Amino acid sequence: LGIKGEVTREDLERIEEILISADVGVETTDKLMKALEKRMARGEVRGKEGIMAALRDEILRLLQGAQGRLELGPPPWVIMVVGVNGTGKTTTIAKLARRFANEGRKVLLVAGDTFRAAAIEQLEIWADRVGVPMVKHQPGSHPSGVVYDALQAARARGYDVTIIDTAGRLHTKVNLMEELKKMARVASKELPGAPHETLLVLDATTGQNALSQARLFSQAVPVTGLVLTKLDGTAKGGIIIAIAGELSIPIKLIGVGEGMDDLQDFDAEAFVEALFE
Amino acid sequence: SLSDRIQGILGKFKGKARLTEKEVDATLREIRLALLEADVHIQVVRQFTESLRSRLIGREVTGGLTPTQEVVKVVSEEIQGLLGGSHEGLKFASRPPTGIMMVGLQGSGKTTTAAKLALMLKKQGKWPLLVAADVYRPAAVEQLVTLGKEVGVEVYHGEGDPVEICGRAVEKARKDGMDVVIMDTAGRLHVDELLMVELERIKGLVQPQEILLVADAMTGQEAANVARTFHERLNLTGVVLTKMEGDARGGAALSIKAVTGQPIKFVGVGEKLEQLEPFHPDRMASRILG
Ligand SMILES: Nc1nc2c(ncn2[C@@H]2O[C@H](COP(=O)(O)OP(=O)(O)OP(=O)(O)O)[C@@H](O)[C@H]2O)c(=O)[nH]1
Ligand SMILES: Nc1nc2c(ncn2[C@@H]2O[C@H](COP(=O)(O)OP(=O)(O)OP(=O)(O)O)[C@@H](O)[C@H]2O)c(=O)[nH]1
Ligand SMILES: [Mg+2]
Ligand SMILES: [Mg+2]
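So the sequence lines, in the order shown, correspond to chains A and B.
Residue 1 is where the first sequence starts when you use this note's numbering, and the numbers rise one by one after that.
Residue 1 is where the second sequence starts when you use this note's numbering, and the numbers rise one by one after that.
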């Protein structure tokens, strides 16, 4: 914006453009611009610096209901990871396993994607690299069966945390969403309360469709946290502001690369800073 | 829907003579919103509405249409025109083998689409070879080998870096008289210099007839940036949009076409290997407009 001087019409248009380009979306951008104009009308905004500070503040306000760390409860704690195809679920599980293993926890991975070619092999390579065991069945077998076996093992052998990988699926496919619900039901029958955490993995390059994904996945299963991946690219993931506003699901983690250490806690202030870079 | 919103501005009456500047601008505002909600890139929306404005001001509402129908007709034609005409298929080499490189961001659907293309070509009586040139992602080679078995297409894989692997694969195809070599590459960020150079080196060595950007239909504003970068570095020859059977509006299609000028050749409409279809600009236009 150029940091000095009074706020012009062009400045406001530029701000709008930055927000839209960051996938914040029309409705949320409109909401933010109206909040800014209100502040300006009340004389609360002092020049260009003031407007950026006000904007940051308004975005943080929308993100307020969606803050929360990923925390582990008492063992056997169960985390299920869900999301549409290709968002980074399997890789995120590798990163989580790495984090928990580094903390000295006993981790069990569950190859719950029994459908996609080499999905089990992919998770197995990660399990070996991180140095944690994995439960798997034959490709093509029922994913709920793998969940059942894995949770039996988790309880019997005292795993601190069990992480269930699931196949990518479009939220609009009713039968696939039913399969997911069944996996969750089987988990809770085997271990009451399980899955204790259900993480929805969203790709930062996704546009407005992420809102539809968040809505439909959280209708099917109790999504307790969001992971926003591929933030090491140029996409800003601005759609999570709308998701936060509408669904108040905590954004817990971000993916910033393809390696097992490329996982960070979500930091709202850093996220907002990055929107304007 | 967009039609309802435009009708709110222009009213329901047929036989209205011409569209005024004021009506056009109010209508363009709705169209702009619809396109942005559909993930069309903000600059592309700007250019589009600008060119639309001159087509609409003073426009006569033709025989039997309501003003809304006239506007929707013009907008839809304009988008279809931008998205490209009739289906553009693959370009084959005058002398085999034809080389096809699959490129794009992580998780966009390259490996699956490579196998889908192999199946399609096989059904057309061609003899394809798949090449597993992703040496980075865990079990990427296994993934393509598994898919290759599923469709009965040979998968070349081996030691060395992706450039060497592609080079040897094309040599093998040439020697054996195979028709098409489909090279699956690792997903990469358009801003990863080393990996973009790797793609340039593969291109330089094998001189493919097709370099296809595989892009996710739900991609947001960055679709334009990503496509432009891949195009500047590699000179794309076409695009495949994946995961199109979902409810993403797919504005990325318009952004990608606008910045690259290259045809969207196919769309992925499912995870099964038969689920690859030719791209239909008219269907895409109404989907984007919502
Ligand atoms: N740059 C980058 N790439 C990522 C990140 N997370 C995952 N990826 C890459 O995205 C691609 C897809 O990752 P997967 O973990 O297989 O995604 P998935 O959701 O399990 O995919 P499906 O099981 O097929 O639905 C891989 O190439 C990963 O390396 C990230 O944070 N940054
Ligand atoms: N629903 C749907 N899923 C698709 C489609 N095409 C691919 N997929 C899925 O998207 C996910 C990613 O596909 P891949 O082929 O592994 O993607 P990729 O681009 O090779 O991924 P990287 O190699 O990691 O960059 C997988 O779960 C595929 O089954 C499609 O048209 N529709
Ligand atoms: Mg996976
Ligand atoms: Mg791949």
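For glycine and all other residues, C-beta sits at the position ideal for the given N, C-alpha and C.
The structure displayed is predicted, hence computed values, not measured ones.
Rounded C-alpha distance that separates B:Gly-177 from B:Ala-93:
So the alpha carbons of these two residues sit roughly 13 Å apart.
What number of angstroms, rounded off, separates the C-alpha of A:Phe-115 from the C-alpha of A:Glu-178?
If I take the Cα positions, the gap works out to 15 Å.
Check whether the Cβ of A:Ile-125 lies closer than 8 Å to any Cβ atom in chain B.
So yes, A:Ile-125 belongs to the interface.
Determine which residues of the segment 167 to 196 of chain A have a Cβ less than 7 Å from any Cβ of chain B, and write them out in chain order.
Among the residues of the segment 167 to 196 of chain A, those with a Cβ less than 7 Å away from any Cβ of chain B are Leu-170, Thr-172, in the order of the chain.
Of the residues A:Thr-234, A:Leu-228, A:Glu-103, the one placed nearest A:Thr-87, counting alpha carbons only:
Nearest to A:Thr-87 by C-alpha distance, out of A:Thr-234, A:Leu-228, A:Glu-103, is A:Leu-228.
Mind checking if B:Ile-182 is an interface residue toward chain A, Cβ cutoff 8 Å exclusive?
No, because no Cβ of chain A sits closer than 8 Å to the Cβ of B:Ile-182.
Does B:Ser-286 have its Cβ less than 8 Å from a Cβ in chain A?
Cβ-Cβ to chain A under 8 Å: no for B:Ser-286.
Round the Cβ separation of B:Glu-142 and A:Glu-121 to the nearest angstrom and send it over; I've been treating them as touching at under 8 Å.
The C-beta distance from B:Glu-142 to A:Glu-121 rounds to 5 Å, short enough to fall under 8 Å.
Can you say whether B:Tyr-136 is buried or exposed, counting buried as having 16 or more other CB atoms within 10 angstroms of its CB?
It is exposed - the Cβ of B:Tyr-136 has fewer than 16 other Cβ atoms within 10 Å.
List the residues of chain B that A:Gln-219 touches, going by C-beta distances under 9 Å, in chain order.
Neighbours of A:Gln-219 in chain B, taken as residues whose beta carbon is under 9 Å from its own, are absent, since the nearest beta carbon is some 14 Å off.
Whole angstroms is fine: what's the gap from B:Ile-256's alpha carbon to B:Gly-268's?
Cα-Cα distance, rounded: 16 Å.
Any idea if B:Asp-134 is buried or exposed, counting beta-carbon neighbours within 10 angstroms, 16 or more meaning buried?
With 16 or more Cβ atoms within 10 Å of its Cβ, B:Asp-134 is classed as buried.
How is B:Gln-106 classed by DSSP in three states: helix, strand or coil?
Correct three-state label for B:Gln-106: coil.
Neighbouring residues, chain A, relative to B:Asp-39 (Cβ below 7 Å):
Correct list: Gly-207, Gln-208.
Is there at least one Cβ from chain A nearer than 8 Å to B:Gln-275's Cβ?
With 8 Å as the cut-off, B:Gln-275 does not count as an interface residue toward chain A.
Buried or exposed for B:Val-197, please, with buried defined as at least 16 other CB atoms from any protein chain shown within 10 angstroms of its CB.
The residue is exposed, with fewer than 16 neighbouring Cβ atoms inside 10 Å.
B:Arg-137: beta carbon under 7 Å from a heavy atom of ligand 4?
When distances are taken from the beta-carbon of B:Arg-137 to the heavy atoms of ligand 4, the shortest one is below 7 Å.
Sorted by chain position, which residues of the same chain lie with C-beta nearer than 8 Å to B:Ala-17's C-beta, five sequence neighbours on each side aside?
A distance below 8 Å between beta-carbons, with the five flanking residues on each side excluded, links B:Ala-17 to the following residues of its chain, in chain order: Glu-60, Val-61.
Would you list, in chain order, the members of the segment 76 to 90 of chain A that have their beta-carbon closer than 7 Å to a beta-carbon of chain B?
Cβ contacts with chain B: Asn-85, Gly-86, Thr-87, Gly-88.
Near A:Pro-222, which residues of its chain fall below 7 Å by C-beta distance, leaving aside the five closest residues on each side in sequence?
If the five residues before and after A:Pro-222 are omitted, its C-beta is found closer than 7 Å to the C-beta atoms of Thr-198, all from its own chain and listed in chain order.
What does A:Gln-219 pair with, by DSSP beta-bridge criteria?
Beta bridge pairing from DSSP links A:Gln-219 with no other residue.
List, from N- to C-terminal side, the beta strand (DSSP E) runs of 3 residues or more that fit wholly inside the segment 126 to 205 of chain B.
Runs of the beta strand (DSSP E) lying entirely within the segment 126 to 205 of chain B and spanning at least 3 residues, in chain order: 128 to 132, 154 to 156, 180 to 184.
Identity of the residue in A:Ile-241, A:Ala-204, A:Phe-217, A:Val-107 nearest A:Gly-233 by Cα
Checking every option, the nearest Cα to that of A:Gly-233 belongs to A:Ala-204.
Can you tell me which residues fall inside 5 Å of ligand 3, judged by beta-carbon distance to its nearest heavy atom, and keep chain order?
By the rule of a C-beta closer than 5 Å to any heavy atom of ligand 3, the residues picked out are A:Lys-89, A:Thr-90.
Alpha carbons only, please: which of A:Ala-270, A:Thr-224, A:Lys-236, A:Leu-202 is nearest the one belonging to A:Thr-90?
It is A:Leu-202 whose Cα lies nearest to the Cα of A:Thr-90.
Helix, strand or coil for A:Ile-249, going by three-state DSSP, please let me know.
Residue state, collapsed to three classes: coil.
Alpha carbon to alpha carbon, what distance is there between B:Asp-39 and B:Ala-215?
Each residue's alpha carbon lies about 14 Å from the other.
Measure from the alpha carbon of B:Gly-160 to the alpha carbon of each residue in B:Glu-154, B:Ala-169, B:Thr-242, then state which is nearest.
Of all alpha-carbon atoms in B:Glu-154, B:Ala-169, B:Thr-242, the one lying nearest the alpha-carbon of B:Gly-160 is that of B:Ala-169.
Interface partners of B:Gly-246 on chain A, CB under 8 Å:
Here the neighbours are Val-84, Leu-170, His-171, Thr-172, Asn-209.
Let me see if you follow: with CB-CB separation under 8 Å, is A:Val-146 close to chain B or not?
A:Val-146 has a beta carbon lying at 8 Å or more from every beta carbon in chain B.
Measuring from the CB of A:Glu-258, is there a heavy atom of ligand 1 at a distance below 7 Å?
A:Glu-258: yes, Cβ under 7 Å from ligand 1.
DSSP three-state assignment for B:Met-284, whether helix, strand or coil
Three-state DSSP puts B:Met-284 in a helix.
Closer than 7 Å by C-beta to B:Thr-49: which residues in its own chain qualify, once you throw out the five before and the five after it? Chain order, please.
Within the same chain, B:Thr-49 has close Cβ partners Leu-28, Ile-31, Arg-32.
What do you reckon, is the C-beta of B:Asp-134 under 7 Å from a heavy atom of ligand 4?
At least one heavy atom of ligand 4 is nearer than 7 Å to the Cβ of B:Asp-134, so yes.
Cα separation between A:Gly-112 and A:Asp-160?
If I take the Cα positions, the gap works out to 19 Å.
Would you say B:Asp-192 touches ligand 4, meaning its beta carbon is less than 7 Å from a heavy atom?
B:Asp-192: no, Cβ never under 7 Å from ligand 4.
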